[in-house]
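See structure below.
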Amino acid sequence: MNAPAYNFAYLDEQTKRMIRRAILKAIAIPGYQVPFASREMPMPYGWGTGGVQVTAAILGPQDVLKVIDQGSDDTTNAISIRKFFGKTAGVATTTSTTDATVIQTRHRIPEAPLHAGQVLVYQVPIPEPLRFLEPRETETRRMHALAEYGLMHVKLYEDIARFGHIATSYAYPVKVNARYVMDPSPTPKFDNPKMDNCPALQLFGAGREKRIYAIPPHTDVVSLDFEDHPFTRYRFNAPCALCGAGDSYLDEIVTDDKGGRMFVCSDTDYCESRRLAGHRGSESAAPHKERAHG
Amino acid sequence: MAEPQDPMQDDQPLLVAENVGKNYGRLTACRDVSFALYPGEVLAVVGESGSGKSTLLQLLSAQLAPSAGRVSYRMRDGVLRDLAGLGEAERRFLFRTDWGYVHQDAAQGLRMAVSAGANVGERLMAVGWNHYGRIRDTASSWLERVEIDTARIDDAPRTYSGGMRQRLQIARNLVTEPRLVFMDEPTGGLDVSVQARLLDLMRNLVSELGLAAIVVTHDLAVARLLSHRVMVMKGGLVIETGLTDQVLDDPREPYTQLLVSSILPA
Numbered sequence: 000m001n002a003p004a005y006n007f008a009y010l011d012e013q014t015k016r017m018i019r020r021a022i023l024k025a026i027a028i029p030g031y032q033v034p035f036a037s038r039e040m041p042m043p044y045g046w047g048t049g050g051v052q053v054t055a056a057i058l059g060p061q062d063v064l065k066v067i068d069q070g071s072d073d074t075t076n077a078i079s080i081r082k083f084f085g086k087t088a089g090v091a092t093t094t095s096t097t098d099a100t101v102i103q104t105r106h107r108i109p110e111a112p113l114h115a116g117q118v119l120v121y122q123v124p125i126p127e128p129l130r131f132l133e134p135r136e137t138e139t140r141r142m143h144a145l146a147e148y149g150l151m152h153v154k155l156y157e158d159i160a161r162f163g164h165i166a167t168s169y170a171y172p173v174k175v176n177a178r179y180v181m182d183p184s185p186t187p188k189f190d191n192p193k194m195d196n197c198p199a200l201q202l203f204g205a206g207r208e209k210r211i212y213a214i215p216p217h218t219d220v221v222s223l224d225f226e227d228h229p230f231t232r233y234r235f236n237a238p239c240a241l242c243g244a245g246d247s248y249l250d251e252i253v254t255d256d257k258g259g260r261m262f263v264c265s266d267t268d269y270c271e272s273r274r275l276a277g278h279r280g281s282e283s284a285a286p287h288k289e290r291a292h293g
Numbered sequence: 000m001a002e003p004q005d006p007m008q009d010d011q012p013l014l015v016a017e018n019v020g021k022n023y024g025r026l027t028a029c030r031d032v033s034f035a036l037y038p039g040e041v042l043a044v045v046g047e048s049g050s051g052k053s054t055l056l057q058l059l060s061a062q063l064a065p066s067a068g069r070v071s072y073r074m075r076d077g078v079l080r081d082l083a084g085l086g087e088a089e090r091r092f093l094f095r096t097d098w099g100y101v102h103q104d105a106a107q108g109l110r111m112a113v114s115a116g117a118n119v120g121e122r123l124m125a126v127g128w129n130h131y132g133r134i135r136d137t138a139s140s141w142l143e144r145v146e147i148d149t150a151r152i153d154d155a156p157r158t159y160s161g162g163m164r165q166r167l168q169i170a171r172n173l174v175t176e177p178r179l180v181f182m183d184e185p186t187g188g189l190d191v192s193v194q195a196r197l198l199d200l201m202r203n204l205v206s207e208l209g210l211a212a213i214v215v216t217h218d219l220a221v222a223r224l225l226s227h228r229v230m231v232m233k234g235g236l237v238i239e240t241g242l243t244d245q246v247l248d249d250p251r252e253p254y255t256q257l258l259v260s261s262i263l264p265a
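Going down the list, the protein sequences come from chains Y and S. Residue numbers for the first sequence follow numbering that gives the first Met the number 0, so the first one is 0 and each next one is one higher. Residue numbers for the second sequence follow numbering that gives the first Met the number 0, so the first one is 0 and each next one is one higher.
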């Protein structure tokens, strides 16, 4: 028996065709959640089954794949998905943001600017931004259809009433192309401005919830806010301890049980390329003072 | 508070029902209901359980489609339009701006998990208010008007008493200054002293704002206190209609006489 065990990139061609149709529809209606017949993948829900299906559907033999999990190329989730496609599609893989043509991500947008021709695939756990305020799916679909988004501001109002500022720090709702309100998957709101007018194509896949949505290149993406409480990015007020970057999103690494912690770039590729270029941080794990809101 | 209405406009009915009826299969919930409601007028619909009054309220507020007849509403631009002909978007817009709907069970009309301020502010945000400070000021002035301590603006309504919830529901509905409010047994399930306070508040608000209202109730005391006109329903039919005092003091129909005489003497 000479038949290969798997089709190219694991999924059969009919499934890929179905997913591509959903992707095309999603691109045609930016921010709209397109239902699709999500398949079972050889990994549990919550590990990126949606993102993997989207990647499998768009991957070609010439593509160069990068997979990140929380910005990092070397966590279990990133490595296993990269290996999965290395094995089932035989495509080249990379950790470099600029060299990759397809980047599958969980929770981050790379620091290095994306360029035209690249595709960023997000793994999405909960695609419905209105879910926690309006649990009825029939009702939220109607609200999307009629562009009734007052409820989204109720959530932000609650934040300010309770904490004095908009405390939502990830999955921060955005309005795409002045029409659909969209959940940008649990990326930190630090990354929201990178979605706006991005030259790369952004695709979102939610496997468990069976939804695909998209932001085509150069689309307006606006974070929701109030006139007197405008959207702000949030970043720890410290440079990266390894590469000294003052503009990247930082992870907090606990180094001992005496309060020592280090802030380092969450984007490992960005941090490594900066260090290769000779940038150095303090490498200090002394306790930092966090910036207070106000 | 409200400007005196333009008398020319007062001549025109706000809501017109023509031979409205609803069947559920072979069961007739109500039929042949016709009336016109004028701006600033409060109409009470009374009758016992199963007389079709709640169905009628749902027909009038476009939540149900009538099996027969039609309901028309005069929009803000002065044009009388058939509710059945409105698109869903228009109907929902009407519902959160020009209309209010006070449910018997406040939990149905409120978002129990978000704060009172956000409950009142939701309609404002839905029509595009985008300034937190102004939304909050408006919400707190409305809480004052319905006699809720403004210190509780950030508490969720699930921590409120039954009477407070009902008053919050009224504030939430009136914040966009609707012209017509539907009330379904607004005092049901409240104890007598709370009922009295709520009725007093509603009467003041209705006259201050020049609201038109349709109040469904089985409690004749509510009808007497709030309404100008009364419609008595039995078995899905309107059997008697007239000025409130006239109907309640001098009922003509035997059934209305029975209803009136069944009030326990105070």
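No residue lacks a Cβ here, since even glycine has one placed at the ideal position from N, Cα and C.
What residue range is occupied by the uninterrupted alpha helix (DSSP H) comprising residue i?
i: Y:T75; result: 75 to 87
i: S:Y254; result: 253 to 260
i: Y:E271; result: 267 to 275
i: S:I213; result: No alpha helix (DSSP H) contains S:I213, which is instead part of the beta strand (DSSP E) from 211 to 216.
i: S:M201; result: 191 to 208
i: S:D244; result: 243 to 248
Helix, strand or coil for residue i per DSSP?
i: S:G84; result: helix
i: S:S53; result: helix
i: S:S226; result: coil
i: Y:T218; result: coil
i: Y:P229; result: coil
i: S:W141; result: helix
i: S:L109; result: coil
i: S:L58; result: helix
i: Y:S184; result: coil
i: S:E89; result: helix
i: S:G162; result: helix
i: S:R30; result: strand
i: S:D136; result: helix
i: S:E146; result: coil
i: S:L36; result: strand
i: S:L63; result: coil
Determine whether the Cβ of residue i lies closer than 7 Å to any Cβ atom of chain S.
i: Y:D250; result: no
i: Y:I159; result: yes
i: Y:F7; result: no
i: Y:L145; result: yes
i: Y:Y156; result: yes
i: Y:D219; result: no
i: Y:G149; result: yes
i: Y:G280; result: no
i: Y:V123; result: no
i: Y:E226; result: yes
Roughly how many angstroms lie between the CA atoms of residue i and residue j, to the nearest whole one?
i: S:Q168; j: S:V101; result: 7 Å
i: Y:T100; j: Y:T94; result: 11 Å
i: S:V205; j: Y:P216; result: 53 Å
i: Y:H143; j: S:I238; result: 44 Å
i: S:Y254; j: S:E146; result: 38 Å
i: Y:T87; j: S:S114; result: 51 Å
i: S:L242; j: S:V229; result: 6 Å
i: Y:Q201; j: Y:L119; result: 5 Å
i: S:S53; j: S:V215; result: 7 Å
i: Y:V221; j: Y:P187; result: 15 Å
i: S:L79; j: Y:L145; result: 24 Å
i: S:N18; j: S:L85; result: 19 Å
i: Y:G47; j: Y:I80; result: 9 Å
Are the C-beta of residue i and some C-beta of chain Y separated by less than 7 Å?
i: S:N129; result: yes
i: S:M124; result: yes
i: S:V45; result: no
i: S:S114; result: yes
i: S:E121; result: yes
i: S:A88; result: yes
i: S:A117; result: yes
i: S:G99; result: no
Give the range of the beta strand (DSSP E) segment to which residue i is assigned.
i: S:E17; result: 14 to 23
i: S:A43; result: 41 to 45
i: Y:F162; result: Looking at the DSSP string, Y:F162 is not in any beta strand (DSSP E); the run it does join, the alpha helix (DSSP H), is 149 to 162.
i: Y:A205; result: 200 to 205
i: Y:K174; result: 173 to 175
i: S:G68; result: 67 to 73
i: S:G99; result: 98 to 101
Exercise. Write down every uninterrupted run of the beta strand (DSSP E) in the region 90 to 147 of chain Y whose length is 3 residues or greater and which is fully enclosed by it, in chain order.
Key: 101 to 105, 118 to 122
Exercise. Run through the region 9 to 70 of chain Y for me and flag every whole beta strand (DSSP E) of 3 or more residues, listed as ranges in chain order.
Key: 63 to 68
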